[in-house]
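Engineer: Going by numbering that gives the first Met the number 0, the sequence shown opens with residue 0, and the numbers climb by one from there. One structure, pasted below without further comment.
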Amino acid sequence: MRHYWISAVVLALISTVVVGFVHYSTSKPTYTSNADVVFTSRAFESFRDPDSAASYTTSLVQTYSNYLQSPSVLGPIAHSIDPAMNASNLKQGIEFTPGPMLLQLSYESGSKAQGDKVMKALTDEVRRAVGQTPTTSDKTPVIEIARTSVSTTQVAGTTASLTRSGAIGLLIGLVIGLVYLFLRALLDTRVRSVDAVMEVTDSSVLGALPKAVGVGTDVTVLARNLRFIAPRDGARTVLLASSVPGEGAGEVALRAADELAGTGDRVLLIDADLRGHQATTAAGASGEGLADVLAGRAEASDVIVTRETSRHEGAALLPAGSAVGNPAELLAGEKPAATLAALAGDYDEVILAGAPILSGSDSLLIAPLVAATVPVIGLGRVNRSDLVECLELLDAGDATLGGVVLTGVTRPTSGKDPYSPLATAAQH
């Protein structure tokens, strides 16, 4: 997950700024308008039972509340506020609370003037309704309004605030960043670390190379480790092949072979990638090669190229040769084994740069013929499922796994824990 931290932080920062700006720009103050209508009655003496009088006046207050909620009252008020508003919309925003000799009204809006207007209109309607209430036999009003009060206050925390908008933006930005990290880790199945490789195989790491494979300590360590691979029938033959294209197996094989040649060993590099010709291209070579030898059109001794590096004599190269439509036909049968055995007798080490294992059967046909096969694993390039399938195919094909080589390593391997998976790939 650490590979996504930079992009997650950038996303979180952008989200914080955007959310904070939008929240601040759209923050509008909210106002709550309250109206209290207090009733009084001088007609209690006209009732024989005080409870009956109280019940009657309470029912009147409830009647006034119901009346105020009717479309005939709310419709004109709503229309005066906004021609597009209807009684139902306005009713949803008003809270009516009738009680004994008291009617409380509450309305929330984005405008103080609008709240005052609604409350004033409602209290006026209450006065009109009370004025039309029948009187007792002695002309005494059954109920009267003793007092009305209207107040409008701003709801706390609704004013636009840079601090609050920034805090909300930061919180949402952090959540977005964490969700991004989680989803990337969940959906990205690429192998990105030595730990991920070790979850798939327990083979030793023979080399840990940077993205740009060149001459250096890392290649020297790889070459040293390749010399420890046990020979087969007296010949130390090693196949280096990746799972999928783009992991750098051809260039790794070329650099390792040249480094071995620099120690004084007789080294032959065979480009067995008859489709991609990666090692041949990296060496700047061309012409006839392995394909022509296997097809019987050339002798190996005639097409092997002697090379020089900037520091010392390089490894001899048997190029991939002429383009062929189906390399597997040339690599099957007894001719490849016989050719390899004949060449191995003339060299201390023979390094083969194979085709990507999942791209065809080419490397799988060669793997049983060599002393060891070393998969080249490009960190960040190969999916876990592809790597697992590659190793399973090699195992099913009776290949001897001699270790693995990592490419695309961004951190140095020197000074590692001697018990870590990278210990064998570190310079001591």
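Glycine residues also receive a C-beta, built at the ideal position from the N, C-alpha and C atoms. These numbers were taken from a predicted model, which means no experiment stands behind them.
1. Between the stretch 248 to 264 and the stretch 327 to 340, are three or more C-beta pairs nearer than 8 Å?
2. Evaluate the contact criterion for the stretch 51 to 58 versus the stretch 78 to 85: three or more CB pairs, one atom per stretch, below 8 Å.
3. Rank L102, G109, S358, P374 by C-alpha distance to the C-alpha of E124 and give the top, closest one.
4. Would DSSP call L12 helix, strand or coil?
5. Hey, how far is the Cα of L259 from the Cα of A336?
6. Have a look at S105 and A120 and give me their C-alpha separation to the nearest angstrom.
7. Could you pull the DSSP bridge partners for N33 from this structure?
8. Are there 16 or more other CB atoms within 10 angstroms of the CB of D194, so buried, or fewer, so exposed?
9. For P133, which residues from the same chain have a beta carbon less than 6 Å from its beta carbon, with the 5 sequence-adjacent residues on both sides left out?
10. Sort G261, V304, R265, I269 by Cα distance to R310 and report the nearest one.
11. Would a C-beta distance cut-off of 8 Å place V404 and L239 closer than the cut-off?
12. Pull up the distance between the alpha-carbon of A11 and that of I167, whole angstroms please.
13. For L386, collect the residues of the same chain with a Cβ closer than 7 Å to its Cβ; drop the 5 residues on either side in sequence, then sort them by chain order.
14. If we ignore side chains and look at the alpha-carbon of each, how far apart do A315 and D270 end up?
15. Which residues mark the beginning and the end of the alpha helix (DSSP H) in which V258 is found?
16. Is A290 near S321, with beta carbons less than 8 Å apart?
17. Where does Q131 land, buried or exposed, given buried means 16+ other C-beta within 10 angstroms?
18. For S242, which residues does DSSP report across the bridge?
19. Determine the burial state of P99: buried for a count of at least 16 other Cβ atoms within 10 Å of its Cβ, exposed for fewer.
20. Just to confirm the assignment: which complete beta strand (DSSP E) runs, minimum length 3, are found wholly within the stretch 57 to 120?
21. Taking the alpha-carbon positions, what's the L205 to V373 distance?
22. According to the Cβ coordinates, are L208 and T409 closer than 8 Å?
23. Quick one, which of A294, G353, E312 has its alpha-carbon nearest A278's?
24. For I13, count neighbouring Cβ atoms within 10 angstroms of its own Cβ and tell me buried if that reaches 16, exposed if not.
Structural biologist: In brief:
1. The stretch 248 to 264 is not in contact with the stretch 327 to 340.
2. No, the stretch 51 to 58 is not in contact with the stretch 78 to 85.
3. Stepping through the sequence shown from its first residue, residue 124 is reached at position 125. Among L102, G109, S358, P374, the Cα nearest to that of E124 belongs to L102.
4. In the sequence shown, the residue the question calls residue 12 occupies position 13. Of the three classes helix, strand and coil, the one that applies to L12 here is helix, per DSSP.
5. In the sequence shown, residue 259 corresponds to position 260, counting from 1. In the sequence shown, residue 336 corresponds to position 337, counting from 1. Each residue's CA atom was taken as its position, placing L259 and A336 some 23 Å apart.
6. The residue given as residue 105 occupies position 106 in the sequence shown. The residue given as residue 120 occupies position 121 in the sequence shown. So the two alpha carbons sit approximately 13 Å from each other.
7. Here residue 33 corresponds to residue number 34 of the sequence shown, with the count starting at 1. In the DSSP output, where bridge partners are listed per residue, N33 has S105, S150.
8. Position 195 of the sequence shown, counted from the start, is the residue given in the question as residue 194. It is exposed - the Cβ of D194 has fewer than 16 other Cβ atoms within 10 Å.
9. Residue 133 sits at position 134 when you count from the first residue of the sequence shown. Spatial neighbours of P133 in its own chain (CB-CB distance under 6 Å, excluding positions within 5 residues in sequence) are not present.
10. Counting from 1 along the sequence shown, the entry for residue 310 is found at position 311. R310 has its Cα closest to that of G261, out of G261, V304, R265, I269.
11. Sequence index remark: in the sequence shown, residue 404 carries index 405 (1-based). Sequence index remark: in the sequence shown, residue 239 carries index 240 (1-based). Inclusion of V404 and L239 in the CB contact set at 8 Å is warranted, their separation being smaller than that value.
12. Taking the first residue of the sequence shown as 1, we reach residue 11 at position 12. Taking the first residue of the sequence shown as 1, we reach residue 167 at position 168. In a straight line, the C-alpha of A11 is about 12 Å away from that of I167.
13. Stepping through the sequence shown from its first residue, residue 386 is reached at position 387. Only V190, V199, S242, I376 meet the Cβ criterion.
14. In the sequence shown, counting from the first residue as 1, residue 315 sits at position 316. In the sequence shown, counting from the first residue as 1, residue 270 sits at position 271. Their backbone Cα atoms lie some 11 Å apart in a straight line.
15. For this step, residue 258 is matched to residue 259 along the sequence shown. According to the sequence shown, residue 258 is Glu rather than Val. For E258, the uninterrupted alpha helix (DSSP H) segment begins and ends at 248 to 260.
16. The residue you call residue 290 lines up with position 291 of the sequence shown. The residue you call residue 321 lines up with position 322 of the sequence shown. Yes, they are a contact pair.
17. For the purposes of this step, residue 131 is identified with residue 132 of the sequence shown, where counting begins at 1. By the neighbour-count criterion, in which 16 or more other beta carbons inside 10 Å mark a residue as buried, Q131 falls on the exposed side.
18. Along the sequence shown, one-based indexing puts residue 242 at 243. In DSSP, S242 forms no bridge with anything.
19. Mapped onto the sequence shown, residue 99 falls at position 100. Result: exposed.
20. The qualifying runs are 93 to 98, 101 to 108.
21. For the purposes of this step, residue 205 is taken as the residue at position 206 of the sequence shown. For the purposes of this step, residue 373 is taken as the residue at position 374 of the sequence shown. Looking at the two C-alpha atoms, the distance is approximately 9 Å.
22. As a first step, residue 208 must be located in the sequence shown, where it is residue number 209. As a first step, residue 409 must be located in the sequence shown, where it is residue number 410. No, these two residues do not count as a Cβ contact at 8 Å.
23. Numbered from 1 along the sequence shown, position 279 holds the residue referred to as residue 278. The shortest Cα separation from A278 among A294, G353, E312 belongs to G353.
24. Position 14 of the sequence shown, counting from 1, holds the residue named residue 13. It counts as exposed.
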